Ligand code: AGP
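In this note's numbering, the protein residues as written are 56 to 666.
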């Protein structure tokens, strides 16, 4: 969950490195640092805290050199501190490294190195790795590339590393389990954990695969495996636009992304639906059509918000495709001994495509013979490269740590997969599919309407910004949404919040209800509406404060609730797409009122690439 950046070329490296770190700060911001090679000397500058602190620290320093590496950290081994910050130097100070990942066997390596007289200034696994490389180079008298290759052969764990030596105008990049991408410039190369820092410089990129390394000079790049097999790098052209990355006038990326949802839902439908004849075209689905046809069950693997999207999808699939669906936390699935049948289809849902637990879980399912279908947002990320087929959500770059547009884009793609499967299994008529697709096509417009409630939501947020706890309740399609609404609030406002099936309250949690407990109900019209109204009455009878997401014009629910937020009428299956908006906005405005760092909440990172 760290961000790494590298540059080698004819420009001054430090501004490129700092700007690159800013694009990657969503991956972790406990500390940041840069190292540049200037007249045969490595200069390192690193600080606890965000990149902006590092930037002011180096502001008046004379930093030359056109080769450099940089890092923004999410602490794994060793607390956030100056000494644990990357880049790390070897004992001689002649080689430097930045690293994203975890070296599992670093303790045993550290012991051996200490017995040889190496000393360690930090508690990190990364400092062990750079001294292992130094030790190998001393013993083998090889160049830095070969020393790195030999050293990595001794390492167990996940890494994306960039190494720099003061004795060679070369950067060495290596990948295993953590993301890294190379930008190909004109007489210069860029390295980063994802493509966002690269695109203002070049749209030509090379994605290294696990077990590969790149040896980069200003005018030459060689890719080989750690086993020393030369590879022909594939140069891919990217189509991310820079303006996607700017806030475009919004105060936070999260707010911008909430407002992008009509566009991102539309983009996730575009080209996949023929409204006239009710046809659905998903290239990835067609690639494994028989697997879907013969599947007796679907297993969904995901984490966090993506797991909530999977839970909604369970309701879709069971209703329309009549297939059993089990929705698993990837982090639990990977450490059980799950029963997998050869005809199982696994759907892996991930915005970043880099979540370590989800990646490990699909690798396990694949080893046991399942077919893997990916629903990811980042093209070329690790998870799509480990699936048998997949469909990308077209939400565009999502920078806010709290996932919003990716969630509703996931619901969109999962709905299309479900309907395509229902048609394949002849569980649903074409006419019914046509009708649902028309409703889906109207969702962006209904989301636009829901966005207009922002002022009312802000007023409610002002009343509850100092609440200590929240409970979110829903039934049916509203239950996964209750979980998602609670997650949004806790992860950006740091207020404790729990989501529950509304009926579950009487089995214990209702003891929590009193005049200090705000309870958010997803209380839209639908099959479980009457039951939800009863649950609202139960909370009201115990003086709970009710905030209800209601269907526009629903006077009954509004009469019971203390505060209500209206959304346009939809049928039950489409409600999650629209009701997500007030839940996202309520969390956003409360977090802003509490002065929280909405786009980079404490302790979190956008992409959890370590377990
Ligand atoms: C969602 O708001 C969180 N940032 C987090 O739960 C996230 O959904 C989870 O880490 C999974 O990430 P992924 O979708 O990139 O795999």
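We put the CB at the ideal spot given by N, CA and C, even for glycine. In this text, all values refer to a predicted model and were calculated from it rather than measured experimentally.
Presumed contact (8 Å Cβ cut-off) between residue i and residue j, rounded CB distance
i: residue 18; j: residue 198; result: The requested residue 18 is not part of the displayed model; the chain covers only 56 to 666.
i: residue 288; j: residue 436; result: So it is not a contact: roughly 18 Å between Cβ atoms.
i: residue 446; j: residue 359; result: Actually they do not touch by this definition, with Cβ atoms about 20 Å apart.
i: residue 579; j: residue 622; result: 7 Å
i: residue 444; j: residue 428; result: 6 Å
i: residue 243; j: residue 63; result: 7 Å
i: residue 334; j: residue 356; result: Actually they do not touch by this definition, with Cβ atoms about 29 Å apart.
i: residue 371; j: residue 469; result: 6 Å
i: residue 411; j: residue 213; result: 7 Å
i: residue 120; j: residue 85; result: The pair is not a contact, with the Cβ atoms about 26 Å apart (cut-off 8 Å).
i: residue 556; j: residue 534; result: 5 Å
i: residue 449; j: residue 319; result: 7 Å
Where residue i falls: helix, strand or coil (DSSP)
i: residue 550; result: coil
i: residue 161; result: helix
i: residue 615; result: helix
i: residue 433; result: coil
i: residue 405; result: strand
i: residue 577; result: strand
i: residue 605; result: strand
i: residue 524; result: strand
i: residue 337; result: coil
i: residue 650; result: coil
i: residue 366; result: helix
i: residue 104; result: coil
i: residue 664; result: coil
i: residue 444; result: strand
i: residue 588; result: helix
i: residue 456; result: coil
i: residue 329; result: strand
i: residue 600; result: strand
DSSP bridge partner residues for residue i (one or two, in chain order)
i: residue 128; result: 86
i: residue 360; result: Its beta-bridge partners do not exist; DSSP assigns none.
i: residue 556; result: 529
i: residue 154; result: 216
i: residue 384; result: 357
i: residue 225; result: DSSP output for residue 225 lists no bridge partner at all.
i: residue 60; result: 125 and 247
i: residue 259; result: 292
i: residue 269; result: 228 and 278
i: residue 239; result: 244
i: residue 621; result: 605
i: residue 500; result: Answer by DSSP bridge pairing: none, since residue 500 is not bridged.
Check whether residue i and residue j have beta carbons under 8 Å apart
i: residue 239; j: residue 254; result: no
i: residue 566; j: residue 590; result: no
i: residue 207; j: residue 157; result: no
i: residue 99; j: residue 88; result: yes
i: residue 263; j: residue 230; result: yes
i: residue 648; j: residue 480; result: no
i: residue 140; j: residue 165; result: no
i: residue 402; j: residue 434; result: no
i: residue 221; j: residue 378; result: no
i: residue 438; j: residue 413; result: yes
i: residue 125; j: residue 76; result: yes
i: residue 246; j: residue 218; result: no
i: residue 531; j: residue 537; result: no
i: residue 312; j: residue 539; result: no
i: residue 228; j: residue 271; result: yes
i: residue 395; j: residue 425; result: yes
i: residue 168; j: residue 186; result: yes
i: residue 654; j: residue 328; result: no
i: residue 226; j: residue 71; result: no
i: residue 114; j: residue 80; result: no
i: residue 309; j: residue 643; result: yes
i: residue 524; j: residue 572; result: yes
i: residue 550; j: residue 645; result: yes
i: residue 399; j: residue 354; result: yes
Chain B contact for residue i (CB, 8 Å cutoff)
i: residue 327; result: Absence of chain B from the displayed structure is noted, only one protein chain being present.
Decide yes or no for the touch test of the segment 332-350 against the segment 471-485: beta carbon pairs closer than 8 Å, at least 3 of them. yes
Taking contact to mean at least 3 C-beta pairs separated by less than 8 Å, is the segment 633-642 in contact with the segment 542-561? Touching, yes, given that three or more Cβ pairs across the two stretches are closer than 8 Å.
Three or more C-beta pairs under 8 Å: does that hold for the segment 407-418 against the segment 502-516? no
Specify whether the segment 458-465 and the segment 361-369 touch according to this definition: at least 3 beta carbon pairs, one from each stretch, less than 8 Å apart. The segment 458-465 vs the segment 361-369: in contact.
Between the segment 144-152 and the segment 188-205, do at least 3 Cβ pairs fall closer than 8 Å? Contact between the segment 144-152 and the segment 188-205 is present, because at least three Cβ pairs lie under 8 Å.
Pair every Cβ in the segment 488-502 with every Cβ in the segment 321-333, then say whether three or more of these pairs are closer than 8 Å. yes
Does the segment 596-605 come into contact with the segment 480-490, if we say contact requires no fewer than three beta-carbon pairs (one atom in each stretch) closer than 8 Å? no
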